[in-house]
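> If you want full-length UniProt numbering, it's the 1-based position in the sequence shown plus 30.
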Amino acid sequence: RALSRADRVQRETNAFITLCGEAALARARALDARLAAGEAPPPLAGVPVAVKDNLCTRGVRTTAGSRSLEHFVPPFDATVVARLEAAGAVVIGKTNLDEFGMGSTNEHSAFGPVRNPWDLERVPGGSSGGSAVAVAAGVVPLALGTDTGGSVRQPASFTGVLGFKPTYGVLSRSGVIAFASSLDQVGVFGRSARDLALALTAMAGPDPLDATSLEAPPLSADLGTGTELSGLRVGLIKELSGAGNSPEVREALGRTTAALRDLGAEVSEVSLPHAPYGTAAYYIVAPAEASSNLARFDGMVYSRRVGESRLGQGEVMRRSRGALFGPEVRRRILVGTYALSAGYYEAFYGKALKVRRLIADEVRRAFGRFDLLLTPTAPSPAYRLGEVADPLRMYLGDVDTVLANLVGCGAVSVPAPTPGLPCGVQFLAPPLEDARLLRVAGALE
Ligand code: GLN
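Here you go:
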């Protein structure tokens, strides 16, 4: 049934790059047979899931939204995918994304833009827009994305679902096609905190294939009910909550603050003077790391090749990269290479790292006084297709989400009760306090 819903939603929204029809049915049947033989059902038995197409799936094409990987079929599964499947989940499709995760609108995919099911003339957000749509349109209850600077939380906000990025290291990055390794983290879309907890529990934990993976405290912690938020101290980040936001977003924040107070939480403002500089730091650090990570897609060992070998290695690399990377990816590689080059390194990359540290220190101090921090998820609801043609304008829309990636802490976007287009608010928790995010998300359901 999920597959036929996927077919219908695909025609309207282009949320998928590859649908796994036969393979998914075969998996579901094999699971049925095991259960019929008396095996105890695993926690996600038969749950259909969608997976962003920058997460490797064994035997299933994985493109990262790029022409350069159009025909890449990985011989292995990303650890998160293998663990979800071991828990009984069935991957029904690979979802559309901005090429290599670079973008906030899903218009930068080599496989065409994704449309928002709430209004087909609007974007679903990005870069994990396809996964957000798969959940928002009711194709699957759970989907995986990646979040380097907000790519799970911002599309969750634009499509009215939950989007969760745990603390850096909680989910293995093995088998994630790398964008910016110090910021990349796998994230989950869902409709309830309980579903998110089930998926996270199945996937979390150290992985010998990712040296930055961690042993995390249990995420299935009691989600509690309403009144249990009493005494929870929530700090509303002043610099991100004011005039730069659209009226819908301010309304969403206001309603959430009121709901939190009704549930017994204490909400007050906290000032993080460097928070607004997060975007500038992110748009140096992320492209710098991307320029290094993407160097492997040169048409030699990895990625498609354009041009015959008699042209020589340099020329073939130049042609392959020029023809197979989209404009946003080329822009990032140029910015990143420039920021890392001799003579500019200290002025750009070095300075961005200092700002990253200042922000992390400010956030750490704020967590001394607050259990959670609160911001909008994005400064506006979903843009119209084609509305943000200027890359700088697109980058500025990431001001709220990049904070958690720069710091490495967990964050969740929770849909706010709004009359018009969906609009989320974001909570940040101290490192490894991810269960607290699930608790607040559950209480606000
Ligand atoms: N929108 C941000 C960017 O373009 C974040 C992307 C992401 O989290 N993958 O870099």
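Just so it is clear, CB atoms sit at the ideal spot from N, CA and C, and this is done for glycine as well.
Note that the structure is predicted; figures quoted are calculated from it, not measured.
DSSP three-state call for N44: helix, strand or coil?
Counting from 1 along the sequence shown, the entry for residue 44 is found at position 14. Three-state result, N44: coil.
> Check whether the region 332-350 touches the region 298-305, counting contact only when three or more Cβ pairs, one atom from each stretch, lie closer than 8 Å.
The region 332-350 vs the region 298-305: no contact.
> Kindly list the residues whose CB is nearer than 7 Å to the CB of P104, restricted to its own chain and excluding five residues on each side of it in sequence; keep chain order.
On the sequence shown, residue 104 is found 74 positions in, with the first residue counted as 1. The residues are C86, T87, R88, T92.
> Taking only the alpha-carbon atoms, compute the straight-line gap between A45 and A167 and give it to the nearest angstrom.
What you label residue 45 is simply residue 15 of the sequence shown in a count that begins at 1. What you label residue 167 is simply residue 137 of the sequence shown in a count that begins at 1. Taking the straight line from one Cα to the other gives about 10 Å.
> Should E137 be labelled buried (16 or more other beta-carbon atoms within 10 Å of its own) or exposed?
For this step, residue 137 is matched to residue 107 along the sequence shown. Buried: at least 16 other Cβ atoms inside 10 Å.
> Is the Cβ-Cβ distance between L458 and V437 less than 9 Å?
For the purposes of this step, residue 458 is identified with residue 428 of the sequence shown, where counting begins at 1. For the purposes of this step, residue 437 is identified with residue 407 of the sequence shown, where counting begins at 1. The answer is yes: Cβ separation under 9 Å.
> Could you tell me the boundaries of the beta strand (DSSP E) in which I267 lies?
As a working note, residue 267 is residue 237 in the sequence shown. Element bounds for I267: 263-267.
> Quick check on this structure: which residue in G342, A232, G329 has the alpha carbon closest to the alpha carbon of V110?
Stepping through the sequence shown from its first residue, residue 110 is reached at position 80. Considering only alpha carbons, the answer is A232.
> Starting from L402, trace the beta strand (DSSP E) in both directions and tell me its first and last residue.
Start at 1 with the first residue of the sequence shown, and residue 402 comes out as number 372. Taken as a continuous stretch (DSSP letters only), the beta strand (DSSP E) holding L402 covers 402-406.
> Is F209 near ligand 1, judged by its Cβ being under 8 Å from some heavy atom?
Position 179 of the sequence shown, counted from the first residue, corresponds to residue 209. Indeed, a heavy atom of ligand 1 lies less than 8 Å from the Cβ.
> Could you have a look at V206 and say whether DSSP puts it in helix, strand or coil?
Against the sequence shown, residue 206 aligns to sequence position 176. V206 falls in the strand class under three-state DSSP.
> Going straight from the alpha carbon of L422 to that of P317, what length do you get?
Residue mapping note: residue 422 aligns to position 392 of the sequence shown, counting from 1. Residue mapping note: residue 317 aligns to position 287 of the sequence shown, counting from 1. So the alpha carbons of these two residues sit roughly 14 Å apart.
> Cβ-heavy atom distance between D428 and ligand 1 below 8 Å?
In the sequence shown, counting from the first residue as 1, residue 428 sits at position 398. Checking the Cβ of D428 against ligand 1 gives yes.
> Can you tell me whether T189 sits near ligand 1, meaning its C-beta is under 8 Å from at least one heavy atom of the ligand?
Translated into positions along the sequence shown, residue 189 becomes position 159. It does not: the Cβ of T189 is nowhere closer than 8 Å to a heavy atom of ligand 1.
> How would you label A344, buried or exposed, when you count the other beta carbons within 10 angstroms and need 16 or more for buried?
In the sequence shown, the residue the question calls residue 344 occupies position 314. Per the sequence presented here, residue 344 reads as Gly, with Ala not at that position. With fewer than 16 other Cβ atoms within 10 Å, it is exposed.
> If I follow the unbroken beta strand (DSSP E) through Q456, where does it start and stop?
Looking up residue 456 in the sequence shown gives position 426. Looking at the DSSP string, the run of the beta strand (DSSP E) that includes Q456 is 454-458.
> Starting from K381, follow its DSSP beta bridges and name the residues at the other end.
As a first step, residue 381 is located in the sequence shown; it is residue number 351 there, counting from the start. Answer is none; K381 lacks a bridge partner.
> From L114 to G68, what distance separates their C-alpha atoms?
As a working note, residue 114 is residue 84 in the sequence shown. As a working note, residue 68 is residue 38 in the sequence shown. Roughly 21 Å separates the two Cα atoms.
> Under 9 Å, do H304 and L172 count as touching if we go by C-beta distance?
Reading the sequence shown from its first residue, position 274 is the one you call residue 304. Reading the sequence shown from its first residue, position 142 is the one you call residue 172. Cβ atoms of H304 and L172: not closer than 9 Å.
> Answer yes or no: the CB of A369 versus the heavy atoms of ligand 1, is any distance below 8 Å?
Position 339 of the sequence shown holds residue 369. A369: no, Cβ never under 8 Å from ligand 1.
> Taking only the alpha-carbon atoms, compute the straight-line gap between A117 and G366 and give it to the nearest angstrom.
Residue mapping note: residue 117 aligns to position 87 of the sequence shown, counting from 1. Residue mapping note: residue 366 aligns to position 336 of the sequence shown, counting from 1. Distance between the alpha carbons of A117 and G366 is about 39 Å.
> Less than 8 Å between the CB atoms is what I'm expecting for G159 and V165, so what's the real figure, rounded?
By one-based count along the sequence shown, residue 159 stands at place 129. By one-based count along the sequence shown, residue 165 stands at place 135. Not really, about 11 Å apart at Cβ, beyond 8 Å.
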